[in-house]
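The structure appears right after this line, and notes come after that.
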Amino acid sequence: MQSTVFTPWEDPDAKPLIRFQNVTKRFGTFTAIDDLSLDIYEREFFALLGPSGCGKTTMMRMLGGFETPTEGRIELAGKDIVGVPPNKRAVNMMFQSYALFPHLSVWDNIAFGLRRDKRPKAEIEARVAEMLKLTRLEKFAGRKPHQISGGQRQRVALARSLAKAPKLLLLDEPLGALDAKLRQDTQFELMDIQEKTGTTFVIVTHDQEEAMTVASRVAVMDEGKLIQVATPDRIYESPANVYVADFIGDVNIIEGRATPGEDDTYAIDWAEGEVPLQATSATRFDKGQTCYLAIRPEKVTISTDRPEGAVNAVQGKVLDIAYLGNLSTYHVELPSGMVIKAQTANTRRISRRSFTWEDPVWLSWTVTGGVLLAG
Amino acid sequence: MRRFLLIAVPYFWLLALFLVPFVIVFKISLSDIALAIPPYTPTLDFSAGWAGVRAFFSALDFENFTWLTQDDLYWKAYLSSLWIALISTAITLAVGYPIAYAMARAPEEWRPTLMMLVILPFWTSFLIRVYAWMGILSQEGFLNQFLMWLGIINEPLTILNTNTAVYIGIVYTYLPFMILPIYAALDRLDESLIEAAEDLGCSRLSAFWLVTVPLSRNGIAAGSFLVFIPALGEFVIPSLLGGSGTLMIGKVLWEEFFSNRDWPVASAVAIILLAILVIPIVLFQRNQQKQAEAEQ
């Protein structure tokens, strides 16, 4: 077990390794990055997450030196690196296409960067051997990139970008080309390698699950802006707004009007003739203010009878059942036509499932089960 | 059966258009010169039956090939042709590579136009274009007039009827054959490979030498062979632009056929030329095959 939890972003004295200061990047009239500031700390595994075109790749390319910001400063270890060409930065990048040199063997690919530094031959050999061992590629050192599998290629790309022991490693959708099973294994491998080498990793991905798995902190981006920067659990449990809640995982969003009650509890009028829903929120809402209650499907309990003492309970009928093996997701239609998703773990065999299509059911959740969002 | 037919078509093609003419030329090269139509003996006479065929084969010999080794004109012409072809291939590469590189780096919407410009000269007859060079390179030609007008030279340069003119002609004529395969190779080159090289510490220039050039190697090889092979046997350019000092085997071949009317010796010259060309052609084929394999 780690004795101290790794949270440099909460330490006001910690010096960030990377500092974006009011960075704006425009391509013609298109603004890819809009006045963005961000700190990334040493040894972090930082994920930039967002849909395609949100500017995450542009951020990464600016760190790599392939793009220059139109305005603002980017600091690496306290030094402004705007205008420093890629070959003069202590930053290496693992490309989405891997960009392995097809005319060179695996060994030569990994040694490529070391040779450019004119290091002694023995040192290069030792370092390449170390990298081959780290990525379990010893057997393939003599092969050309087209003679190895996709997963192996991915590891060669990683070994090559780590060989020069950069301060910062950029990973552009590193697992995008792998199939689901291999991707999962590789995610853990990446975390393992990151921990072993102590390098700061910045990963770009559009796969929220991947970002949540590997990253110490996740930045959710949209249209060139940072929407929320937080640890994966905070992003999931307390999203900053409806966009983040909706982007990360599955969520039910219920729109309504807040009425403040006692102890940060709010009553939410959400449908004509229905009992108001109860939810707690640390953020203040005024009486009558429009609010959105975001509830994760796994926080919604589904039952045949109305659970006793439940604060929030609504009735509906089962519209659809998505059977995922370990989990089942029930789509329940309320009388108002709204569909709420509820997820339960399949601890029993499917033949003993208590409800099926068209069955009337009750959905319930606790007062802290949902998150109240302003927009 | 259908597969057999499918394979038979190209083989028949090769047989009819390559092997049969080759055998005929080879036969003539083993014959002797004669004042007759056709101007050589023996000719195969089937009316004499088996004895006629025997007499025909007994009259064939390698005399003409021996002759090629005795007169130093021929091997000098072969060597000179090889040299001229080699030099012009090198110059064409030096001129063609930057053009292909610029084309591959040009904005997407420009590329079809640039490609068109490279192919455009083919729309005019090759012969006319070579004649046009005579007008440009001659003593009173445009080039000399232009240089004198600029004040760079005081007297017209003698370019036409020298080897320089032959180089200019070959480079000009075969340039598209060099540009197109190199362009194809560079066009396929993944931009991120260059970025990866820079990321790993290469300057722009070293990324070019370490990544771009090796990865366009197949294009360079294909282009070089496409220039070298026809340039080796080139006849029109040396005879129109070259002088009396320009010794090329294509010209010798032509003179043997049409001036001396010595078909047997001319055929022998052609057979040896073919033998010399087999080496680069085989190398070219292997290069193409390797390229096809690498793309799989």
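Chains A and B are the protein sequences, given in the same order.
Just so you know, we're using this note's numbering here: the first sequence kicks off at 1 and counts up by one.
Just so you know, we're using this note's numbering here: the second sequence kicks off at 376 and counts up by one.
Glycine included, each C-beta is placed from N, C-alpha and C at the ideal position.
Predicted, not measured: the structure shown is a model, and the values here were computed from it.
Leaving aside the five residues before and after residue i along the sequence, list all residues of the same chain whose C-beta is less than 6 Å from its C-beta, in chain order.
| i | result |
| --- | --- |
| residue 417/B | 431, 434 |
| residue 252/A | 295, 340, 341 |
| residue 191/A | 214 |
| residue 425/B | none |
| residue 409/B | 415, 416 |
| residue 225/A | 34 |
| residue 420/B | 427 |
| residue 636/B | 414 |
Identify, in the order they occur along the chain, each residue of the same chain with its Cβ nearer than 7 Å to the Cβ of residue i, setting aside the five sequence neighbours on each side.
| i | result |
| --- | --- |
| residue 1/A | Low confidence applies to residue 1/A: its pLDDT is 40, below 50, so where it sits in the model is not reliable, and the reading given next is rough at best. For residue 1/A, where only same-chain residues beyond five positions count, there are no Cβ hits under 7 Å. |
| residue 481/B | 489 |
| residue 595/B | 468, 557 |
| residue 150/A | 177, 178 |
| residue 336/A | 271 |
| residue 182/A | 151 |
| residue 334/A | 314, 316, 340 |
| residue 345/A | 326, 327 |
| residue 140/A | 106, 148, 152 |
CB-CB under 8 Å to residue i, same chain, minus the five flanking residues each way: which ones, in chain order?
| i | result |
| --- | --- |
| residue 3/A | Below a pLDDT of 50, predicted positions are generally treated as unreliable, and residue 3/A, at 46, falls in that range; no measurement from the model is reported. |
| residue 21/A | 37, 72, 73, 74, 75 |
| residue 461/B | 603 |
| residue 627/B | 448, 449, 452, 644 |
| residue 187/A | 175, 210, 213, 214 |
Under a three-way DSSP split, which group does residue i fall into?
| i | result |
| --- | --- |
| residue 41/A | coil |
| residue 2/A | Legend: pLDDT at residue 2/A = 46, less than 50; position of this residue unreliable, no value from coordinates given. |
| residue 21/A | strand |
| residue 362/A | strand |
| residue 146/A | helix |
| residue 605/B | helix |
| residue 221/A | strand |
| residue 8/A | helix |
| residue 531/B | coil |
| residue 228/A | strand |
| residue 121/A | helix |
| residue 367/A | coil |
| residue 378/B | helix |
| residue 292/A | strand |
| residue 378/A | Here chain A comprises residues numbered 1 to 375, so residue 378/A is not present and cannot be evaluated. |
| residue 108/A | helix |
| residue 174/A | coil |
Residue i: which of the options sits nearest, CA to CA?
| i | options | result |
| --- | --- | --- |
| residue 597/B | 585/B, 485/B, 471/B, 518/B | 471/B |
| residue 609/B | 635/B, 519/B, 452/B | 452/B |
| residue 165/A | 154/A, 360/A, 110/A | 110/A |
| residue 405/B | 441/B, 618/B, 544/B | 441/B |
| residue 185/A | 154/A, 203/A, 197/A, 162/A | 154/A |
| residue 113/A | 656/B, 652/B, 631/B, 572/B | 572/B |
| residue 575/B | 47/A, 99/A, 204/A | 99/A |
| residue 319/A | 238/A, 357/A, 161/A | 357/A |
| residue 276/A | 198/A, 260/A, 64/A | 260/A |
| residue 322/A | 197/A, 274/A, 355/A, 125/A | 355/A |
| residue 601/B | 463/B, 443/B, 543/B | 463/B |
| residue 265/A | 193/A, 209/A, 369/A, 298/A | 369/A |
| residue 86/A | 170/A, 268/A, 40/A, 367/A | 170/A |
| residue 483/B | 578/B, 562/B, 555/B, 455/B | 562/B |
| residue 303/A | 216/A, 237/A, 359/A | 359/A |
| residue 236/A | 248/A, 227/A, 226/A | 248/A |
| residue 473/B | 661/B, 666/B, 653/B, 591/B | 591/B |
| residue 67/A | 55/A, 348/A, 194/A | 55/A |
| residue 307/A | 366/A, 40/A, 298/A | 366/A |
Kindly give me the distance between the Cβ atoms of residue i and residue j, rounded to whole angstroms, as I take these residues to be in contact under 8 Å.
| i | j | result |
| --- | --- | --- |
| residue 300/A | residue 342/A | 4 Å |
| residue 104/A | residue 135/A | Not really, about 16 Å apart at Cβ, beyond 8 Å. |
| residue 219/A | residue 49/A | 7 Å |
| residue 606/B | residue 545/B | 5 Å |
| residue 52/A | residue 206/A | 6 Å |
| residue 292/A | residue 262/A | Going by Cβ atoms, the distance from residue 292/A to residue 262/A rounds to 22 Å, so no, they are not a contact pair. |
| residue 198/A | residue 43/A | 6 Å |
| residue 229/A | residue 373/A | About 17 Å; that fails the 8 Å criterion. |
| residue 47/A | residue 227/A | Going by Cβ atoms, the distance from residue 47/A to residue 227/A rounds to 13 Å, so no, they are not a contact pair. |
| residue 18/A | residue 63/A | 7 Å |
Assess, as a yes-or-no matter, whether the segment 528-545 of chain B is touched by the segment 558-575 of chain B under the definition of 3 or more beta carbon pairs within less than 8 Å. no
I want to know whether the segment 607-624 of chain B touches the segment 397-417 of chain B - three or more CB-CB distances under 8 Å. no
Three or more beta-carbon pairs under 8 Å between the segment 502-516 of chain B and the segment 579-588 of chain B, yes or no? no
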